[in-house]
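If you're matching them up, the sequences are chains A and B in order.
Residue numbers for the first sequence follow the numbering used here, beginning at 1 and rising by one.
Residue numbers for the second sequence follow the numbering used here, beginning at 1 and rising by one.
We put the beta carbon where it would ideally sit given N, CA and C, even for glycine.
Down below is the structure, laid out as structure tokens.
There are 2 protein chains.
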Amino acid sequence: MAEKAYFKQHVEPQDLDFTSRLKAPNLIMAALNAAGRDAHNKGFDYVDMEADNHTWVLGRMAIEVKDRPKQYSDYQIETWISGYNRILSTRNFRMYDEQGQEFAVMTSQWAMLDMTTRTSVDLTQTTGKVHDIYMVPDPEPCAPAGRLRPLSDGERHNHRVRYSDIDFNRHMNTIRYIEMIFDRLPIEAISENRPFRLDLHFLNEAILGEMLTITTAEQEGTLLFEIASEKKTCVRASVRFLE
Amino acid sequence: MAEKAYFKQHVEPQDLDFTSRLKAPNLIMAALNAAGRDAHNKGFDYVDMEADNHTWVLGRMAIEVKDRPKQYSDYQIETWISGYNRILSTRNFRMYDEQGQEFAVMTSQWAMLDMTTRTSVDLTQTTGKVHDIYMVPDPEPCAPAGRLRPLSDGERHNHRVRYSDIDFNRHMNTIRYIEMIFDRLPIEAISENRPFRLDLHFLNEAILGEMLTITTAEQEGTLLFEIASEKKTCVRASVRFLE
Numbered sequence: 001m002a003e004k005a006y007f008k009q010h011v012e013p014q015d016l017d018f019t020s021r022l023k024a025p026n027l028i029m030a031a032l033n034a035a036g037r038d039a040h041n042k043g044f045d046y047v048d049m050e051a052d053n054h055t056w057v058l059g060r061m062a063i064e065v066k067d068r069p070k071q072y073s074d075y076q077i078e079t080w081i082s083g084y085n086r087i088l089s090t091r092n093f094r095m096y097d098e099q100g101q102e103f104a105v106m107t108s109q110w111a112m113l114d115m116t117t118r119t120s121v122d123l124t125q126t127t128g129k130v131h132d133i134y135m136v137p138d139p140e141p142c143a144p145a146g147r148l149r150p151l152s153d154g155e156r157h158n159h160r161v162r163y164s165d166i167d168f169n170r171h172m173n174t175i176r177y178i179e180m181i182f183d184r185l186p187i188e189a190i191s192e193n194r195p196f197r198l199d200l201h202f203l204n205e206a207i208l209g210e211m212l213t214i215t216t217a218e219q220e221g222t223l224l225f226e227i228a229s230e231k232k233t234c235v236r237a238s239v240r241f242l243e
Numbered sequence: 001m002a003e004k005a006y007f008k009q010h011v012e013p014q015d016l017d018f019t020s021r022l023k024a025p026n027l028i029m030a031a032l033n034a035a036g037r038d039a040h041n042k043g044f045d046y047v048d049m050e051a052d053n054h055t056w057v058l059g060r061m062a063i064e065v066k067d068r069p070k071q072y073s074d075y076q077i078e079t080w081i082s083g084y085n086r087i088l089s090t091r092n093f094r095m096y097d098e099q100g101q102e103f104a105v106m107t108s109q110w111a112m113l114d115m116t117t118r119t120s121v122d123l124t125q126t127t128g129k130v131h132d133i134y135m136v137p138d139p140e141p142c143a144p145a146g147r148l149r150p151l152s153d154g155e156r157h158n159h160r161v162r163y164s165d166i167d168f169n170r171h172m173n174t175i176r177y178i179e180m181i182f183d184r185l186p187i188e189a190i191s192e193n194r195p196f197r198l199d200l201h202f203l204n205e206a207i208l209g210e211m212l213t214i215t216t217a218e219q220e221g222t223l224l225f226e227i228a229s230e231k232k233t234c235v236r237a238s239v240r241f242l243e
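Right, here's the structure in full:
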């Protein structure tokens with residue numbers, strides 16, 4: 001039967017914020033990279049998909065962070081796929097600190113995109129089924145990303161997409177969107193290392209040179225974010241601090 | 001006798017630019033992290049220094065990059081200290097690809113700062129001498145960072161220092177300055193993977209909330225950069241493409 005994958009991580013100086021703890025955006029990227037390595041090891045990652053002109057695209061994710069590891073400490077990322085339907089495959093994560101304590105949980109939904117037609121592939125058919133044998137019957141460790149409505153009003157800030165923002169696909173890096181969101185959080189919430197839940201929807205990709213606007217608003221104690229270019233909405237997100 | 005240190009690296013997806021090669025800013029950060037780990041292993045890194053309220057500060061560096069490794073490839077960083085005087089310690093780097101070919105060389109000068117007095121410590125005395133026994137008599141693999149004059153005129157762009165820009169010291173991350181410079185390079189030079197030399201002077205630290213202005217100009221085929229806040233010049237740099 002299929003087994004979960006484990007990846008050992010080390011908190012390097014460049015992963016730290018001013019609390020000397022791992023930055024949440026870096027934790028999320030470490031998790032997404034672990035997902036990539038797991039898929040690579042199992043033969044259904046981007047590289048292999050490209051042979052069929054297919055690629056995995058992150059659609060939604062939710063992460064709950066109770067604590068963040070300190071500098072020079074080790075932590076471990078546990079990841080597994082719990083299931084899929086025609087459109088989306090679900091990959092989960094649990095993060096454990098040096099003492100084996102769970103400090104964060106994450107769940108994400110991925111679609112397989114046909115690069116030629118730019119449409120999603122039916123995961124119950126052919127190439128979609130390659131990861132079939134790797135399902136682990138352990139459900140999501142937290143609620144999947146919830147509904148996020150369009151954000152019309154709020155405080156607005158601009159960001160031009162530069163070379164350092166883009167990835168190998170010439171798209172804005174996932175971590176950059178997440179950093180744009182964290183740059184808008186109340187700084188004291190970060191100093192106090194307050195537990196939080198982040199929900200993210202990835203809708204469209206921003207490309208080099210595009211001007212992005214991040215809109216921020218608050219509704220019933222939840223911070224809402226929308227990152228959009230002139231033409232399209234790229235990312236919607238919400239952050240809720242947990243007591 | 002003292003020996004050079006070696007650090008194995010792997011080009012992860014997040015290290016790639018749109019040429020599917022390791023981004024130069026990420027290469028430089030990997031080298032600076034290798035320096036930190038080497039100092040840590042030998043007991044004269046930030047952590048140990050803080051005990052004496054001393055810390056290493058990067059003053060100047062120069063890097064020459066002939067080529068950049070491709071995604072999923074391994075590379076190796078060789079680093080050693082070649083000497084020091086009262087003010088500056090010189091640390092060098094050679095980078096080798098999977099085939100053992102040298103693809104980049106780098107040299108850097110570091111001062112030891114007393115955090116209380118904010119003045120540099122005489123390296124020929126007491127704590128400065130802790131790294132004495134680790135000198136390797138192999139000189140700089142490239143010319144040290146050259147003279148960089150103040151830049152009065154040029155094209156200007158602003159950047160507000162945000163949470164995602166700052167490090168554990170609440171200062172702008174070194175990699176962010178370097179990314180600001182690479183964001184101003186002609187994009188075709190990057191697509192063509194043109195060999196280049198980068199000279200950098202680190203003069204003052206930018207802090208959270210400060211508005212930075214990057215000024216860019218060209219003189220005799222060399223691109224010049226100055227990053228300054230309202231109050232002070234933070235970084236001066238030059239980029240020359242090598243034929």
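May I ask you to list, following chain order, the residues of the region 19 to 31 of chain B that have a beta carbon less than 7 angstroms from some beta carbon of chain A?
Residues Ser-20, Pro-25 and Met-29.
What residues are listed by DSSP as bridge partners for Lys-70 (chain A)?
According to DSSP, Lys-70 (chain A) bridges with A:Arg-21.
Could you tell me which whole alpha helix (DSSP H) segments of length 4 or greater appear in the region 52 to 114 of chain B?
Counting only runs of 4 or more, we get nothing.
Where does Asn-158 (chain B) sit, in a helix, a strand or coil, going by DSSP?
Asn-158 (chain B): strand per DSSP, three-state reduction.
Are there 16 or more other CB atoms within 10 angstroms of the CB of Arg-91 (chain A), so buried, or fewer, so exposed?
So Arg-91 (chain A) ends up on the buried side.
For Glu-188 (chain B), which three-state DSSP category applies?
The answer is helix: DSSP assigns Glu-188 (chain B) an H, G or I state.
Of all the options B:Lys-231, B:Glu-192, B:Met-135 and B:Asp-199, which has the alpha carbon lying nearest to the alpha carbon of Asn-85 (chain B)?
Closest by alpha carbon: B:Met-135.
The region 75 to 108 of chain B: which residues have C-beta closer than 8 angstroms to a C-beta of chain A, in chain order?
Going along the region 75 to 108 of chain B in chain order, one finds no residue with a Cβ nearer than 8 angstroms to chain A.
Taking the C-alpha atoms as reference points, what is the distance between Leu-208 (chain A) and Arg-160 (chain A)?
Leu-208 (chain A) and Arg-160 (chain A): Cα-Cα distance of roughly 8 angstroms.
Starting from the beta carbon of Pro-141 (chain B), find every residue of chain A whose beta carbon is closer than 9 angstroms, and list them in chain order.
Simply none; closest approach about 24 angstroms.
Apart from the five residues just before and just after Asp-17 (chain B), which ones in its own chain have a Cβ nearer than 8 angstroms to its Cβ?
Once the five neighbours on either side are set aside, the close Cβ partners of Asp-17 (chain B) are Lys-23 and Ile-190.
Give the DSSP-derived three-state secondary structure of Asn-179 (chain B) in the structure shown.
Note on identity: in this sequence residue 179 (chain B) is Glu, with Asn being the wrong assignment. In the structure shown, Glu-179 (chain B) sits in a helix (DSSP, three-state: H, G or I).
Sort B:Leu-113, B:Leu-58, B:Asp-183 and B:Val-105 by Cα distance to Ile-214 (chain B) and report the nearest one.
Of the listed residues, the one whose Cα sits closest to Ile-214 (chain B) is B:Asp-183.
Candidates A:Leu-224, A:Tyr-6 and A:Ala-39: which alpha carbon is nearest Val-57 (chain A)'s?
Ranking the options by Cα distance to Val-57 (chain A), first place goes to A:Ala-39.
Reducing DSSP to helix, strand and coil, say where Leu-27 (chain A) ends up.
DSSP places Leu-27 (chain A) in helix when its eight states are reduced to three.
Check whether the Cβ atoms of Val-239 (chain A) and Leu-203 (chain A) lie closer than 9 angstroms to each other.
Cβ atoms of Val-239 (chain A) and Leu-203 (chain A): not closer than 9 angstroms.
What number of angstroms, rounded off, separates the C-alpha of Val-105 (chain A) from the C-alpha of Thr-79 (chain A)?
When rounded, the distance between both Cα atoms is 10 angstroms.
Does the beta-carbon of Asn-26 (chain A) have 16 or more other beta-carbons within 10 angstroms, so that it is buried, or is it exposed?
Looking at its Cβ environment, which holds 16 or more other Cβ atoms inside 10 Å, Asn-26 (chain A) is buried.
Give, in chain order, every residue of the region 140 to 159 of chain A whose Cβ lies closer than 7 angstroms to some Cβ of chain D.
Among the protein chains in the structure shown, which are A and B, there is no chain D.
Which of helix, strand or coil does DSSP assign to Ala-259 (chain A)?
With chain A running from 1 to 243 in the structure shown, residue 259 (chain A) is simply not present.
Starting from Gln-14 (chain A), find everything on chain B with Cβ-Cβ shorter than 8 angstroms and list it in chain order.
In chain order: Met-29, Asn-33, Asp-167, Asn-173 and Ile-175.
Where does Gln-219 (chain A) land, buried or exposed, given buried means 16+ other C-beta within 10 angstroms?
It counts as exposed.
Determine, for His-54 (chain A), whether the minimum Cβ-Cβ distance to residues of chain B falls below 9 angstroms.
No - not a single Cβ of chain B is within 9 angstroms of the one on His-54 (chain A).
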